[in-house]
Structure formats: structure tokens, C-alpha cells
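Trainee:
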């Protein structure tokens, strides 16, 4: 009797549950019928397992469903929620209206930011035209260490200029969430690039006059307090920004390399300084190039590639007797200058050798031919300028006539950079290179050291600015690509090295602590598996532990008012006389701009109109995403992915049909072409694979895509699934009366809202939680009859503003929806106590709406496995995976088990951050709505998986033997005891929702979710073979791979025939064997007999050897096995397996087949009205067929197209991506092409002649006067 009572209390969990947070009373079981219970005794192992019948599994499935729905009916109280929403109307979701609303919001924002940037531009040109020299003691506020009181450094007497011109004063800063930095609204501050000397009079002059921009900065901010950073990047190499901010605080990656930032090389600056360009970089690879020249050439190439934008087309060619790209598939074409292609070219250059001589005429002819071919290409936007940049150590002839012949129109600029010792012997190179570059509207320069690299890159860009500035009328307003605020990819590469150094230090410490344990086979094997998981299995950590503040910018070029200037050079002669020339001037003073952080942009976009499964994204004119829900920009917690800016729309919106990676179906290719190139707006229905939950799940469905362009640069794309056509629309405005009713209901109740949506919010958030902020603004609306929905004008005052005086903005439509839904859920929240039996322990019931409202109630039980969580852990509303899955299967109780990808840090001794409590609880959710009125939310409950495991165990394994004793146990029904049979609950993706663990099985602290393919591969293979499940693939085009730092290059086929090579290897082996034989013979003939050592000497030798051995064993710290596998990271493509349940009549009929051990090792049934399957799996047969794919493995893809198998990993990906170039639209900015005839004033070729000597002119004039005087009188 006592045993039965205890069994029912523990395993069936009959509990008295109440809503109180402090009091829980267990239900005492009474009136238990006495039955005869006989504890089963262990019997001998049977020769044949009994079969679990289909009827048994069906009855178990029904029992589980009854418990789940019983729990929902008792605690969720759907009827009360339905009554609360009885008077709320619904309507068909209009994708065109959503796109129109979004484009209006984005248009208005970009227009305001554009006007702010243009006001900075006009003020800068005015200040430059009226500039005055700075005072002799002038100092400026520098962004570095701006909040530190600095001490004056002693100036050395022999220096003409001071070393430090920044102010010593301390600026008081305040922490700002809006600017994501420590800032001061009273000042501007300056960041100076590393290569720029801040006390140079030419730089200091520009720093001085740009201080006058403060008034314009403040005026812009006063008109619109939602503005982010405003700035002016000077062509002199400094950035003046407002508000003043601590520069170190703006970096999210805390590592060295802060001085890499140069605003002139940022994409928003380069884009504003001219239209798209075709640039061909020629690197001398002849044998005369020494190692130092090759290093400088690589540094210059990297700097130039980094300065180009994704709109530019580029290629890097090496030349000697032939001209070819280091990447074979890049030959005969130019490719976009994005990071993936640039990284591939730089990686390939490191493995090239300089040999042979140079045929320069062939090089130039081939280059001009390639650029002419690019100009006529129809599949790429036409560029405005074309240029050849040649890096060489010698020119032996003048190629001016050759360039005139092969490029008679003069449309191609030529830049020649001489990699040469300044005092070298090849003097003709200076003459020939200068003449050729001058005649082709380029320039010639000597590239002597790596310190010249940045300045020479800027000189090339200045030349290519001429057509834009020369017209002097039209101003470009440039909208940039998405980028990380002040980060530089080179900092991430350095940080990766630091992580590997940290792991190396840790391994040395472990070796010193216990060498034998560290070098044990198990430990070494674990290190091998760690690296294999990181790369081959794709288990690297993709969590975003830092917010890199992705943003776009609106920038405007600032023109220099000067039209000509004199340039004076000191001639290299004995007298060192001056030579002066007058040149026209058409150059930029800099670029003015305003930032728009992506977080600020997302805040105002109408995501609340999309519903479950809907998406809103923004793409640029090339089809690259600016905003998308599946964008993944970080790996290993804090490192930017190398290709985060070049993720295409087709990389994240994938077709439903399985195809090879980057083998896009024709209809999707046409759809993208319509969206990006052909049609400014449109609508199309596509079958897609909607990917969510960090790429671990996907739904194959039809979606309606709507799009419309904004400013002819961005395109807004809205995707709506077919199943979510109707939605609730509360008919109300955010009135004072509505706020009064809402505030009354909100008193002492639980709720949360979407953390990333704009309801009502101060520009610089004041409250710690969204809940407090919402209550505050509802109270303000209740108390203020004339409450304005937006107050963004800032008042500068020495008195700190009160809370009610601060700037804010509200979304009236969303606030009205939220208030109406709060009122509708009020009766549901008033339920205090719910009593009754409950088999799922402590739970948290909830209701979530499309407006982001989450209402919940906690119900505690006495013997719960864990304390129920607060409902605000799931505050993302329609974006929550269980909401999305429930909406895709209306009227089905969806039991959601959270799934996270495997996560491995590069530092093997550092565990990744905990997933959190939300990953430890299951969710049962079902849509809520009226017939023909659409869905207005999802309701359900969160419960602990251990309770579902207990329920599964009690239904499929717990037996009370009444009519079945030990003698006739063979006649009893089979059960899931974990020995012969195991029972598991799986969802439609074959993820295991619950299974019965053995008693001695230890549960991990944070276990990964199990999948049927891993736990029961034989059963998974049987389900696949029967077409009950279908294997699909999710392609991850944002993946990262980790090739060795010294990566081997897969070379081409050997030049010698295989027979000749085999013969040569045989000869070498014979020579080596002969050498060994001669060595042995020599040793035998030279050996002589010696006397044996005494016993004492032998013992002494033994002790010495033993001592040396022990010392080396315990004191020697070096062992090659302690070294880490040095790697580098690069962009790559990966794929992950996806299993999909086929709910067709044929598949369900196949599931109901009769089990046959080892042929059909399972019995399955649907859990009625849920998304679950109950499987009874036979454990006696091992899987012996083809291995099933692990859904946790995100394996790298092997690209093989156009020479992709050769070269580095980066080169193989670049070849694969450029195999079929995706069409792009030309930039929205006006094109100002290179006019060869107009730039005649710059072509003052030939040697620089000395200026006339003024003293000599005076003497000559006197002599002439005397001669004329005598002639007159004679």
C-alpha cells in the first residue's frame, strides 16, 4: 500500500498547484485501492525479445497527448483569453502596405540624415574659404585619453616643431547608451591617423579651422536628438567628430591595434570621393625583385585593396615573361573588390616566387586589352574610371608611344610606383616611369619604405577624385554599405593570434605542471578531436558576446575652393635650386557624414506588422544584405567574420528544393535579378526554406515577397508566409482614456515587451527595463492631455534636464495595440489559484501576441525538478521559435525543444558562455484565434523536460503486475525498459523531445539536445529509407574555416611526365642506399678493439644516464607535441543536415508497418493533435549501413570550379563565388568619367627646370640698359 502511494506521488506527480509564489501544498493521496503488488525478480536473459505492438504504442501516444492537453486546459485557460479578444477585429495582412510604410520611414530617416551631412559640408567649405592661421600655441582636443588630465612633456631644444599639439586638459564625459560610448555634447574631438604628424603645420591648419564645425554639429543635434555621430574626415588624415568621445571606448574588441584606423580608407569616404573604378594592379615578379621589395609591394597591394569599395572591380596580376593572376580562375577578368576576393588574392600572393625576366610591352598590352574587355562587359555595371597601378623595380624603356598606340583615347590612367633604393643605379626608371605616368594622367612615385604605403594609396585616390571635383556643381549624397563602426579586419587577425598565444601559454603551463599527464595518449587525442570539431565539424562558437555596432552612413564630399596652386621641388643637383610649376587643383577637403547604427534603424521599422514567420530585410544595390534576421557577423564570441559585409540575399533566403551549394535555381536567379536590377518594386511568390533558431531548424513553405527601392540604393524586402494571412488589428488610438484603463490593469501584474522594438522610449534610455519604461509612458499619457508622440528637439542648457524634459519618441500604432491587448488579457491575469492534479510539475503559463506583448503566470508545484522561470525569458514575441512553429501548424499543440548548435572556443580551456535557462525548458504552444478571424496570439506553458521524461516513463515502462506473475511473464506485454526497447518522443525535425534515461546515466550540466540520427542511427536510417523522413541541407554561406597558418598550396599537374618522374625518384633512392652502404663499410674498417670498463665505471655511467634521464623527463619543458596548431580564419561555405517529417498519407501508412527485428526495428505512432511522434525502438541491432548525417555537423564544402581545387582555402571560395557572377545595379550616384582632354593642365611632363635667378635678372637688365643708352647717343 505505501509503495503504491509513493510511486504515484513521485512518478505520476499528482500535485496540488497554486499560483502563489510563496506557498505550495502537496496533494495527499487517499482512498487508494489495495492491490497485490509483486516486485519483479530478475530472470535469465531470454533468447528472443518480445515485440511491442502498434496498438500499445498508439495507446501510449494517446495517454501522453491526454496529459499534455489536460494540462493546457487546466492552466492555460484559453476560453478566458478568447473572451477577452472577442471584440478585436482582424484583417488580411497586406504586404504591399507594409513595404510602403517601411520605405516611407526609411526615406524620411535618410533624408534627415542627408540634410544634416550637407549642412556640415556647406559649413566646412565656408570655413575653409575664410580660414586663418592657427596661433603659435594652438592645441586641440584629441579623442585618445580625452578624459585624462595629461602632463606636459619636455620639448627637446633641437626640434623645430613640437611633438604633441593636443590639449592637456581633461574633458568630462558621460556614458551614453544612444552613442554607445562615453561622450561630451559640449565639445568635438579629433582622431589623427598613425601615419599623420599632428603638429605638421599643414595638418594643424585644417584642424584649426574645422573647430568652427561645432556650431553646425550642435545645431543639427538640437533639431534632431536621434542623430548619431556627426563627423568631418579631412583629406589631411584626421577625423573631427561630434560629440567628443573617448576613442578607446568606441572599440568593442579590446586588443592592440587601435592606431590602424584611418578615416580616409573607410568605405563611406572612398565612395564619396568618386564613382566606381576598374583597377588593375601589376606586381613585378621578375628575378630582380628582392625580398624587401616584395614585402613592400604586398603591403601596398593590401592597403590599396582595403581602400577600394565593393563597387570597384579589381585584379592583381603578377608579371615576368607571362602575365597571370595568382588565382587561376581570376585570369582574363576583373572581380568585385570585396573582402572575400581581396583576401583570396593576398593569401595567394604570399606563396609566389620572383623568377625570370620581364617583357613589359606584353604586360601593358595585355592589361589594356583586359580593361577594354571589362568596359564592354554587359553583366557588370560600367565603371567611370579605369587605371593600371604598376609596382616594379625597373623600367628599361619609355612606353609612352606604346600606351598611345594601344589606348588612343587616353581612357586608362597609369600609375607607376618604383620599388627602389633612392640612391640606386637605375636612373632611367625615374625618367621613363615619370614620362609614361604623366602622359596617361596618372603619376609616378618612389615607394622606398613601408611608411610610404598609406600616403601613396591616398595619392592615387586623389588623382581619381579630379573628375568629381572639377565639375564643381553636382554634389554626391552617398549611402554606404553596412560596416562595423571603427573596427578594422586586421585587428581581428591579430586578436586571433593572441587567442592562439593564450592557448599556447596554457599548454606550456599544463606541461610544466604534469608532463606525463599532458602528453598522455588520451590528452593528445582530445586535442586532436578539439581541432577536428572546430574546423571539420563546424562546432566553432558563433555567439555574439560583443555588439560591434554595425551601421551605415550618409556622406557628402567637401570640395576645396582652390583652383590652382604652385608646387615647388628641390632639384637633385649640386646647387639644389628650386623648381616651381603651377597646376590646376581639383581635390577634396574631405568628406562630411552622419552615422545610422543598425540598432537605431531596427528600432523604428514596423516589425510588429509581419507576424510569425514574416521577415523584413534591406539589401543594397549589389544584393548584399544590410539587415536580415539570419545575418551572423561574429564567431568565437568577439571576432568579426571575414565576409560579413558581402552576404548576398540568396545566401540567407534559400530555395526549398535541395541544390548543390551556390547552384541557384533558375527561378530564384530571375527573382533576384528582378529585385536587385530590373524592377524598383514588385511582388513574387517563391517556395523557400525559412531558416531559424541559429540555423538548426527550417520550415519549407511558400512565401510572398514584396519589395521597393529607397533612394535608388537600398531595397526593402518583406516576406510573408502563406499560412499567416490574417491577423488581429485593435481598432484604437493611444488616447488618454486608453492609457488610464491600461494603467489600472497593469497594476501588480507580470508582462514584458519585445526588447528591440520602439514602443515609447527616451532617446538615451533612462530605465533599466522595457517594462518600467512602458509603465512610465502609459502613466505620462494618462496624466498629459496634450502628450506629443515625438519630442526630438534637444535644448542645450547648463541645467541638467529633468526626466520629463528629455527627448523621446513613440510608435503610436504599436502603443495602441499593446494597450488594447493588455486590457484584453486583464481577466486572464486575475486568476489567483488553480487547483487540481498535474503531472508536469511547476510550469509557467503564457500568452504572446504579435505586438510583442508577453503575459505570464507562474504555477509552482511541491516536488518540481526546478524552479519555474519568469516569462520574460521569452520576450521576443513572434520571433520566438515556438511562436513561429505554432503559427505554421494552427490548432496543433506544438511541443518545442530548444536547439543550439555545438559550440567550441578556439581556446580549448575556455568554455563558451552558458546558454541560459531558456534552453533548459520545453514549451507547449498553440495558436489562439476565432474561426475566420485569424490568429491574435499564441498561448501555452513552459515546463521542465524531466517531468515529460517521468510521464513517458510512467506510460511506457511502469508496470503493476496483477495478473502476470513470474511464472507466466513471457505472456505479458513488452515495455520500453531501456534494455530491449527504448521509447523516445521526437518532433517533426527528428529532435528528441524526451526519452527514458537509465538510472546510472549521469546528466551533463548543460547537455546538447539529442537527435535521433545520433542516438538511434538504425531507426533514423529506416525512417529515411521508408521516406517517412526526408534529408535536406541548410547551406551556411557565412561560415568560417581554419586552414593552417602555413597552408599548403594544391599545385597544378606536374610539368614532367609521370614515367620520367618515377625514374628520377628511383635514381635518388639508389643513390641514398649506396650512401648508407658506404657509411657502414667505413665504420667497420675504421673500428678498433678497446678495453672494457670496470664495474665501478659502468655503475657510474648508469647513475649519470639515469640522472640525466630523470632531469630531462621532469625538467625539460619543450616537446613538439605541446605546440598548438597555428591557424588563420577565412570565409568558407558549410552545410548542415536537416531532417523533415513527411506528413503524407503514404508516409504515415509506412510508419504503421509491423515491426521486424533488425529489418524494421521500430514501432511508431503520432501523438494525436501534436507535432510529436512516439517511437519504440529495438536496441538489439546495430546500424551497419551508410552512416547517417549528424545535424550538429556544419561541414565545410569542397569547391571545385575553374581551378578552385588549387590554391588556398580563400582562393577556392573566391573562385566558387565568382563562378556565376550575380548581377548588380550601378550605384545611384552620378558618374563623372575621366576626360583625357580636360586634364591637359596636369600633364606638365619632362624634367623640372630651375627657377630663374632673380639676382641674375637684375644684373642682366642693367647691362641691357647701358647698351641701349650708348646706342642711343652713338
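Residue numbers (our numbering): 76 to 1349.
Glycine included, each C-beta is placed from N, C-alpha and C at the ideal position.
1) Across which residues does DSSP place residue 461 in a beta bridge pair?
2) Whole angstroms is fine: what's the gap from residue 1184's alpha carbon to residue 1198's?
3) Does any C-beta atom of chain C lie closer than 7 angstroms to the C-beta of residue 1122?
4) By Cβ distance, which residues of its chain are closer than 7 angstroms to residue 1105, with the 5 residues on each side in sequence left out?
5) Buried or exposed, going by whether 16 or more other CB atoms sit within 10 Å of the CB of residue 560?
6) Between 883, 922, 889 and 884, which lies nearest to residue 902 when the distance is taken from Cα to Cα?
7) Measure the alpha-carbon distance for residue 93 versus residue 1032 and round it to whole angstroms.
8) Mapping the DSSP letters down to three states, classify residue 834 as helix, strand or coil.
9) For residue 991, count neighbouring C-beta atoms within 10 Å of its own C-beta (all shown protein chains included) and say buried if the count is 16 or more, exposed if not.
10) Relative to the C-alpha of residue 828, which candidate in 897, 494, 845 and 1146 has its C-alpha closest?
11) Whole-angstrom Cβ separation of residue 698 and residue 734, contact assumed at under 8 angstroms?
12) Could you pull out every unbroken alpha helix (DSSP H) segment of at least 4 residues lying fully inside the segment 1196 to 1265, listed in chain order?
13) For the alpha helix (DSSP H) that residue 582 lies in, which residues bound it at each end?
14) Can you check whether the CB of residue 1087 is closer than 7 angstroms to the CB of residue 1206?
15) Since residue 147 contacts residue 688 with CB under 8 angstroms, what's their CB separation in whole angstroms?
16) Taking residue 790 as the reference, which of 753, 527, 763 and 802 has the closest Cα?
17) The beta strand (DSSP E) that contains residue 663, what's its start and end?
18) Compute the Euclidean distance between the alpha carbons of residue 764 and residue 175, then round it to the nearest angstrom.
19) Among the residues of its own chain, which have a CB less than 6 angstroms from the CB of residue 111, if the five just before and after it don't count?
20) With a threshold of 16 other CB atoms inside 10 Å of the CB of residue 793, please say whether the residue is buried or exposed.
21) Would you mind sorting residue 410 into buried or exposed? The rule is 16 or more other CB atoms within 10 Å of its CB.
22) Between which two residues does the beta strand (DSSP E) harbouring residue 782 extend?
23) In this structure, does DSSP put residue 1016 in helix, strand or coil?
24) Expressed to the nearest angstrom, what Euclidean distance is found between the alpha-carbon atoms of residue 199 and residue 288?
25) Is DSSP giving residue 1105 helix, strand or coil here?
26) Check the C-beta distance from residue 563 over to residue 335 and give it rounded, since I have them as a contact under 8 angstroms.
27) State whether the segment 634 to 649 contacts the segment 586 to 593, with contact taken as three or more CB pairs (one from each stretch) at a distance under 8 angstroms.
28) Roughly how many whole angstroms lie between the Cα atoms of residue 1112 and residue 983?
29) With DSSP run on the structure shown, which of helix, strand or coil describes residue 845?
30) Specify whether the segment 1093 to 1108 and the segment 1223 to 1240 touch according to this definition: at least 3 beta carbon pairs, one from each stretch, less than 8 angstroms apart.
31) Output yes or no for whether 7 angstroms exceeds the beta carbon distance between residue 1057 and residue 1024.
32) For a test of the three-state rule: what should DSSP assign to residue 718, helix, strand or coil?
33) Mapping the DSSP letters down to three states, classify residue 875 as helix, strand or coil.
34) For the putative contact between residue 484 and residue 1307, defined by C-beta atoms under 8 angstroms, what is the C-beta separation to the nearest angstrom?
35) Within the same chain, show all residues whose beta-carbon is closer than 8 angstroms to that of residue 222, passing over the 5 residues directly before and after it, in chain order.
36) Assuming residue 692 and residue 679 make a contact with CB atoms under 8 angstroms, what is their CB distance in whole Å?
Mentor: In terms of the structure at hand:
1) 353 and 487
2) Approximately 22 angstroms, taken between the alpha carbons.
3) Absent from the structure: chain C. Only one protein chain is present.
4) 1215 and 1217
5) buried
6) 922
7) Interpretation of residue 93 is limited by its pLDDT of 40, a score under 50 that renders its predicted location unreliable; the figure taken from the coordinates is listed afterwards. Each residue's Cα considered, the two are about 30 angstroms apart.
8) Look at residue 834 here: in three-state DSSP terms it is coil, with no helix or strand label.
9) exposed
10) Between residue 828 and the set 897, 494, 845 and 1146, the nearest pair of CA atoms involves 845.
11) The Cβ separation is near 18 angstroms, so there is no contact.
12) 1220 to 1226
13) 564 to 588
14) no
15) At roughly 23 angstroms, the Cβ-Cβ gap does not stay under 8 angstroms, so residue 147 and residue 688 are not in contact.
16) Among 753, 527, 763 and 802, the Cα nearest to that of residue 790 is on 753.
17) 663 to 672
18) Our two residues, residue 764 and residue 175, have alpha carbons roughly 25 angstroms apart in a direct line.
19) Here residue 111 scores only 40 on pLDDT, less than 50, and its place in the model is too uncertain to base an answer on.
20) buried
21) buried
22) 772 to 785
23) Strand at residue 1016.
24) 7 angstroms
25) strand
26) 5 angstroms
27) no
28) Each residue's alpha carbon lies about 25 angstroms from the other.
29) helix
30) Yes, the segment 1093 to 1108 is in contact with the segment 1223 to 1240.
31) no
32) coil
33) coil
34) Their Cβ separation, rounded to whole angstroms, is 17 angstroms, which puts residue 484 and residue 1307 out of contact at 8 angstroms.
35) 245, 246, 247, 248, 257 and 321
36) Contact between residue 692 and residue 679 fails: their C-beta atoms lie close to 15 angstroms from each other, not under 8 angstroms.
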